[in-house]
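So the structure is just underneath, and the comments pick up after that.
Quick look at the structure:
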């Protein structure tokens, strides 16, 4: 009974502390980092409330949701080795993706809050500077995970900047939908690169295209024509 009362008291105390605005920054760091996205602003109070609530629902969970299915498919399609090694690779890729997102959002939100605190208000260039430094520190390491994330963002950036250029009047509004032309150029260039300069493409893209366009040219019987991509290895006994 005493333990139950102690637990209720402790729970009530913690809930009360969590509602105090002066501790919002610190709790934003703790709860946000747990989910993969935190920011460092221990001394900032009321301005943290909205950010903390947003961060708490993302990051590690978001990174895991995004990376785990991708790693699962890519590993079992293109990676050789034992089941244990494949599961280990999936876990490592998921962890790295989630961790990097957590570190980046921690840096980005922290620097945003720091700039706002110093200048007394939020300015448009704050997000750019904070994200630049976060990208340099977290996603600047040239590895497979960071490469995929950065290239994913690059395609979205180019698309968004094209739309923005039209909105701002720098580029005239197209009379026809430019998407078919865009699709034609993208696919034309990527297949040309794959067929003649495959080493310039990212390894995972090479693997996907090899699977689609080259492996489909080879088969030995119905098993590797319809069921498997390649013939099963034959086990011989001495």
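In my numbering, the protein residues as written are 1 to 238. For each residue, glycine too, the CB sits at the ideal point set by N, CA and C. Note that the structure is predicted; figures quoted are calculated from it, not measured.
Boundaries of the alpha helix (DSSP H) around residue 196: 179 to 196. By the neighbour-count criterion, in which a residue is buried when 16 or more other Cβ atoms sit within 10 angstroms of its Cβ, residue 92 is exposed. Under the three-state reduction of DSSP output, residue 215 falls in the helix class. For residue 145 against residue 100, the beta-carbon gap comes to about 7 Å, under 8 Å, which counts as contact. For a cut-off of 8 Å, the C-beta gap from residue 201 to residue 193 is around 6 Å, short enough to register as a contact. In this structure, the alpha-carbon of residue 114 lies about 11 Å from that of residue 127. Taking each of 203, 125 and 165 in turn and checking the Cα distance to residue 148, the smallest one comes out for 203. Between residue 143 and residue 96, the gap from beta carbon to beta carbon is short of 9 Å. Here DSSP, grouped into helix, strand and coil, assigns residue 95 to helix. For residue 171, the secondary structure class from DSSP, reduced to helix, strand or coil, is coil.
Inclusion of residue 94 and residue 137 in the CB contact set at 9 Å is not warranted, their separation being larger than that value.
Judged by beta-carbon spacing, residue 130 lies beyond the 9 Å limit of residue 119, meaning their Cβ atoms are not closer than that value.
Close CB contacts of residue 166 within its chain, under the 8 Å cut and outside five residues either way in sequence, are with 172, 173 and 174 (chain order).
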